[in-house]
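Under the numbering used here, the first residue of the sequence shown is numbered 120, with each subsequent residue one higher. These notes are about the structure you will find just below.
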Amino acid sequence: MMETPMKVYKDVFSGDELLSDSFPIKEDGICYVVEGKHSTRAAGLLDIGGTDGEEADSIGHTVLNVAEAHRLVATTYEKKNYTGHIKAYLKRITERLPADERIAWQQQAQERIEQVLADFDSYQFFTGESMDPEAMVVLMRTGKDGKTPFLYYIRHGLRAEAY
Numbered sequence: 120m121m122e123t124p125m126k127v128y129k130d131v132f133s134g135d136e137l138l139s140d141s142f143p144i145k146e147d148g149i150c151y152v153v154e155g156k157h158s159t160r161a162a163g164l165l166d167i168g169g170t171d172g173e174e175a176d177s178i179g180h181t182v183l184n185v186a187e188a189h190r191l192v193a194t195t196y197e198k199k200n201y202t203g204h205i206k207a208y209l210k211r212i213t214e215r216l217p218a219d220e221r222i223a224w225q226q227q228a229q230e231r232i233e234q235v236l237a238d239f240d241s242y243q244f245f246t247g248e249s250m251d252p253e254a255m256v257v258l259m260r261t262g263k264d265g266k267t268p269f270l271y272y273i274r275h276g277l278r279a280e281a282y
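Here's what the structure looks like:
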């Protein structure tokens, strides 16, 4: 029996790996949505000023599984800067689409971005490993339960590669 190859999704502009199908992916309009999970990683023993490590303490850090797996880099945006970025980014995506798909795509993209901007402070932002300023910015928002992180990727900004 042949195994189905894993799909890795890369940014169409930067080539950064942003996602893989090792995480359940749902389609929501122009986006792929992935449910993430926070977990704590042990960092080992850290000497915090004791002599010969006698006051060493174990300190961990919390990571987002999808971000860690694909080396996403957390970044920040002010609303005005994000608006400028996303307008330019969506224009570049639109130019890559067949002419007969552009009007519907632009309408859906505008609706989605209006939703994001209306609730801007609820989102966190991630870039790919190269931190290319013209590439996709992945959005993360906590679900209604106040704990579960959901990541949002613009589908047309990704290309799937089988591995």
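Even for Gly, the Cβ is constructed at its ideal location relative to N, Cα and C.
Cutting at 6 Å between CB atoms, please list the residues of its own chain near residue i, excluding the five before and the five after it.
i: Y196; result: F244
i: I212; result: H275, G276
If I measure Cβ to Cβ from residue i and keep anything under 7 Å in the same chain, skipping five residues before and after, which residues do I get?
i: M250; result: V192
i: P268; result: G155, H157, L183, M259, T261
For residue i versus residue j, is the C-beta distance shorter than 7 Å?
i: A279; j: Y128; result: yes
i: Q227; j: I149; result: yes
i: A254; j: F142; result: no
Identify which residue in the options has its Cα closest to the Cα of residue i.
i: A237; options: K199, G247, I222, T267; result: K199
i: R190; options: R215, G247, Y242, D140; result: G247
Name the DSSP bridge partner or partners of residue i?
i: Q243; result: M259
i: D135; result: The partner list for D135 (beta bridge, DSSP) is empty, contrary to what the question assumes.
i: I273; result: C150
Three-state secondary structure (DSSP) at residue i?
i: D147; result: strand
i: L236; result: helix
i: K210; result: helix
i: R215; result: helix
i: T194; result: strand
i: E280; result: strand
Could you name the residues of the same chain whose beta carbon sits closer than 8 Å to that of residue i, not counting the 5 residues immediately before and after it, in chain order?
i: S158; result: T181, V182, N184
Residue i CB to nearest chain C CB: under 7 Å?
i: H180; result: Of the protein chains in the structure, only one exists, and it is not chain C.
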